[in-house]
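One gets my numbering by counting positions in the sequence shown from 1 and adding 1060 to each. C-beta atoms are modelled at their ideal positions from N, C-alpha and C, and glycine is treated no differently. In what follows, a structure is listed as structure tokens, so that the remarks can point back to it.
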Amino acid sequence: MGRKKKADHEHDSVAPGLVVKTKKRLIVAAGSSHPELAAAVAHELGTELAPTEHRTFASGEILTRFEISVRGGDIFLIQSFGPPVNEWMMEMLIMLDAAKRASAKRITVVAPYYPYSRQDKKGRGREPISARLVADLFKTAGADRVMSVDLHAAQIQGFFDGPVDHLFAKPVLLQHFQDTLSPDDRAKLTVVSPDTGRVRVADQWSDSLGAPLAIIHKRRDPNVANQVTVNEIVGHVDGRVCLLVDDMIDTGGTIVKAAQALKASGAERVIVAATHAVFSDPAVERLQDAAIDEVVVTDTIPLPADKRFPGLTVLPIAPLLARAIHEVFEDGSVTSMFDGAA
């Protein structure tokens, strides 16, 4: 009898302890690179940025400390990796370590512009794959998830050992052109890919706008950075309003050469649309070339006053980021934001 009673007791009982109802807590914190964007994202989410101390010592070393408890929280760390990219990278790694050691339940890196994204493969022998290295650094420092906008190469998603939310700025840019292009412009519109690597993206734009597609074939010298030669244009651009779409503009060399080639082939107007405005010198000067009629970008990277010019339109990316953060926090669908494409 005693033996049976003991067996029943072991089978039916529950270990002593406390039962509590745990509620999820959304925390948004930010690095120092783009405070305006981070504040706008928090505002869209109906919250405030977590108070965070950022300090740089005389030696150049960085300290980051959360001034409130993040224990058990679902924390989203926003950092945009414009120049100086290496400083912002180190700050993010330190923030990740601080959040991990403060017992955050889940940590998501929100990097609107992914650092080192153009170093996604080996073009020549003995080269690094720095985009993979960045993913490894994020993971080692404590990131559980990464969120970014318009990665330079889709395969970067596979570099991170965990979920990656690849967002697209196309809905934001597309809405702008649907609102601003006249019916006459829409009738003469041609979407142009600045190189063969962006054909797939340009083709999606072509479908969305119901416009034909043209492609510019270019050559780049692998031994000389930022040097581009336009070879030929595939498609009809004479008398057309050309919309050049790309993921980023760095020095502006590719875009300006492409716009000049389009105008030389009879294009009526050339409009440039890009997600990331890196705008390294001499991009601002180049983008004011007579061949370019308008430049439209988003604010994934901060643009100071000296990098703004007449003819430049900067669209807010905060609503897109906020919606994606909300979907992740609520265990919803980020893919549904992009008609199943994400």
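Check: When you compare each of Lys1160, Asp1210 and Pro1370 to Gln1348 by their alpha carbons, which one comes out closest?
Finding: What you label residue 1348 is simply residue 288 of the sequence shown in a count that begins at 1. Measuring from the Cα of Gln1348, the nearest candidate turns out to be Pro1370.
Check: Since His1226 is in the beta strand (DSSP E), which residue starts that stretch and which ends it?
Finding: What you label residue 1226 is simply residue 166 of the sequence shown in a count that begins at 1. First-last of the beta strand (DSSP E) with His1226: Val1224 to Leu1227.
Margin query: Check this for me: beta carbons of Thr1250 and Val1297, under 8 angstroms apart or not?
Written below: The sequence position of residue 1250 within the sequence shown is 190, counting from 1. The sequence position of residue 1297 within the sequence shown is 237, counting from 1. Yes, the Cβ-Cβ distance between Thr1250 and Val1297 is below 8 angstroms.
Notebook entry, point to check: Are the segment 1110–1129 and the segment 1299–1308 touching by the rule of at least three beta carbon pairs closer than 8 angstroms?
Noted result: no
Notebook entry, point to check: Ends of the alpha helix (DSSP H) at Glu1147?
Noted result: Within the sequence shown, numbered from 1, the residue matching residue 1147 stands at position 87. It spans Val1145 to Arg1161 - the alpha helix (DSSP H) in which Glu1147 sits, taken as one unbroken run.
Next item on the list: Go to Leu1109, then tell me how far its alpha helix (DSSP H) extends in each direction, as first and last residue.
Entry: What you label residue 1109 is simply residue 49 of the sequence shown in a count that begins at 1. Segment: none, Leu1109 is in no alpha helix (DSSP H) and carries neither H nor E.
Note to self: Using a Cβ distance threshold of 8 angstroms, determine whether the segment 1339–1346 contacts the segment 1318–1331, with at least three qualifying pairs required.
What the structure shows: no
Next item on the list: Could you please give me the residues that DSSP links to Thr1358 through a beta bridge?
Entry: In the sequence shown, the residue the question calls residue 1358 occupies position 298. Its beta-bridge partners are Leu1375.
Item checked: Chain-order list of residues whose beta-carbon lies under 6 angstroms from that of Gly1132 (same chain, five-residue window excluded) -> Indexing the sequence shown from 1 puts residue 1132 at position 72. Residues Lys1165 of the same chain have their beta carbon placed closer than 6 angstroms to that of Gly1132, with the five preceding and five following residues left out of the count.
Notebook entry, point to check: Does the beta-carbon of Glu1390 have 16 or more other beta-carbons within 10 angstroms, so that it is buried, or is it exposed?
Noted result: In the sequence shown, residue 1390 corresponds to position 330, counting from 1. Exposed: under 16 other Cβ atoms inside 10 Å.
Checklist line | DSSP-derived helix/strand/coil call for Ile1135 | finding: Taking the first residue of the sequence shown as 1, we reach residue 1135 at position 75. The answer is strand: DSSP assigns Ile1135 an E or B state.
Check: Does the segment 1230–1245 come close enough to the segment 1185–1201 to have 3 or more Cβ pairs within less than 8 angstroms?
Finding: no
Margin query: Suppose contacts are defined by Cβ-Cβ distances below 8 angstroms. Is Val1101 in contact with Leu1381 by that definition?
Written below: Position 41 of the sequence shown holds residue 1101. Position 321 of the sequence shown holds residue 1381. Result yes, Cβ atoms of Val1101 and Leu1381 sit closer than 8 angstroms.
Item checked: The beta strand (DSSP E) enclosing Phe1126, as first and last residue numbers -> Locating residue 1126 in the sequence shown gives position 66, counting from the first residue. Phe1126 -> beta strand (DSSP E) spans Ile1122 to Phe1126.
Check: If you draw a straight line from the alpha carbon of Ile1275 to that of Pro1188, how long is it in whole angstroms?
Finding: As a first step, residue 1275 must be located in the sequence shown, where it is residue number 215. As a first step, residue 1188 must be located in the sequence shown, where it is residue number 128. Ile1275 and Pro1188: Cα-Cα distance of roughly 30 angstroms.
Check: If you draw a straight line from the alpha carbon of Thr1240 to that of Gly1091, how long is it in whole angstroms?
Finding: Position 180 of the sequence shown, counting from 1, holds the residue named residue 1240. Position 31 of the sequence shown, counting from 1, holds the residue named residue 1091. Thr1240 and Gly1091: Cα-Cα distance of roughly 34 angstroms.
Check: Between which two residues does the beta strand (DSSP E) harbouring Leu1086 extend?
Finding: Numbered from 1 along the sequence shown, position 26 holds the residue referred to as residue 1086. Leu1086: member of the beta strand (DSSP E) spanning Leu1086 to Ala1090, first to last residue.
Notebook entry, point to check: For Ser1208, which three-state DSSP category applies?
Noted result: Residue mapping note: residue 1208 aligns to position 148 of the sequence shown, counting from 1. If DSSP states are grouped into helix, strand and coil, Ser1208 belongs with the strands.
Check: Going by beta carbon distance, what residues of the same chain come within less than 8 angstroms of Ala1214, once the five residues before and after it are set aside?
Finding: To locate residue 1214, count along the sequence shown from 1; it is residue 154. Excluding sequence neighbours, Ala1214 sits near His1226.
Check: Looking at C-alpha atoms only, which residue of Val1088, Phe1198 and Ala1098 is the closest neighbour of Met1406?
Finding: Any question about residue 1406 goes unanswered here, given that the chain covers just 1061 to 1402.
Check: Just how far apart, CA to CA, sit Ser1374 and Asp1267?
Finding: Against the sequence shown, residue 1374 aligns to sequence position 314. Against the sequence shown, residue 1267 aligns to sequence position 207. Reading off the sequence, residue 1374 comes out as Val, not Ser. If you take the alpha carbons of Val1374 and Asp1267, they lie about 24 angstroms apart.
Next item on the list: Could you check if Ser1177 is buried or exposed, using at least 16 other CB atoms within 10 Å of its CB as the buried criterion?
Entry: Numbered from its first residue, the sequence shown carries residue 1177 at position 117. When all chains shown are included, Ser1177 counts as buried.
Next item on the list: Use the C-beta contact count for Thr1314: other C-beta atoms within 10 angstroms, 16 or more gives buried, fewer gives exposed.
Entry: Walking along the sequence shown from the start, residue 1314 turns up at place 254. Burial call: buried.
Note to self: Is it buried or exposed, Asp1134, if we count other Cβ atoms within 10 angstroms and call 16 or more buried?
What the structure shows: Here residue 1134 corresponds to residue number 74 of the sequence shown, with the count starting at 1. Asp1134 is buried by the Cβ-count criterion.
Check: Taking the alpha carbon of Ala1337 as the point to measure from, which residue in Phe1228, Thr1360 and Ile1352 has its own alpha carbon closest?
Finding: Mapped onto the sequence shown, residue 1337 falls at position 277. Nearest C-alpha to Ala1337: Thr1360.
Check: Hey, out of Ala1229, Thr1200 and Glu1121, whose CA is closest to Phe1219's CA?
Finding: Translated into the one-based positions of the sequence shown, residue 1219 becomes position 159. For Phe1219, the closest of Ala1229, Thr1200 and Glu1121 by C-alpha to C-alpha distance is Thr1200.
Margin query: Within 10 Å of its beta-carbon, does Arg1258 have 16 or more other beta-carbons around it, so buried, or fewer, so exposed?
Written below: Reading the sequence shown from its first residue, position 198 is the one you call residue 1258. It counts as buried.
Checklist line | Proximity below 8 angstroms, CB of Thr1358 to CB of Ile1377 | finding: Along the sequence shown, read from residue 1 onward, the residue named residue 1358 stands at position 298. Along the sequence shown, read from residue 1 onward, the residue named residue 1377 stands at position 317. In contact: Thr1358 and Ile1377 (Cβ atoms closer than 8 angstroms).
Notebook entry, point to check: For Ala1203, which residues from the same chain have a beta carbon less than 6 angstroms from its beta carbon, with the 5 sequence-adjacent residues on both sides left out?
Noted result: Your numbering for residue 1203 matches position 143 in the sequence shown. Closer than 6 angstroms at Cβ, skipping near neighbours: Leu1156, Ile1167 and Val1169.
Check: How should Ala1067 be labelled, buried or exposed, when 16 other C-beta atoms within 10 angstroms of its C-beta is the threshold for buried?
Finding: Taking the first residue of the sequence shown as position 1, residue 1067 is located at position 7. In this prediction, Ala1067 scores a pLDDT of 49, lower than 50, which makes its location untrustworthy; the coordinate-derived value is nonetheless stated afterwards. Answer is exposed; the Cβ neighbour count stays below 16.
Item checked: Cα-Cα separation, Ala1350 to Ala1324 -> As a working note, residue 1350 is residue 290 in the sequence shown. As a working note, residue 1324 is residue 264 in the sequence shown. If I take the Cα positions, the gap works out to 12 angstroms.
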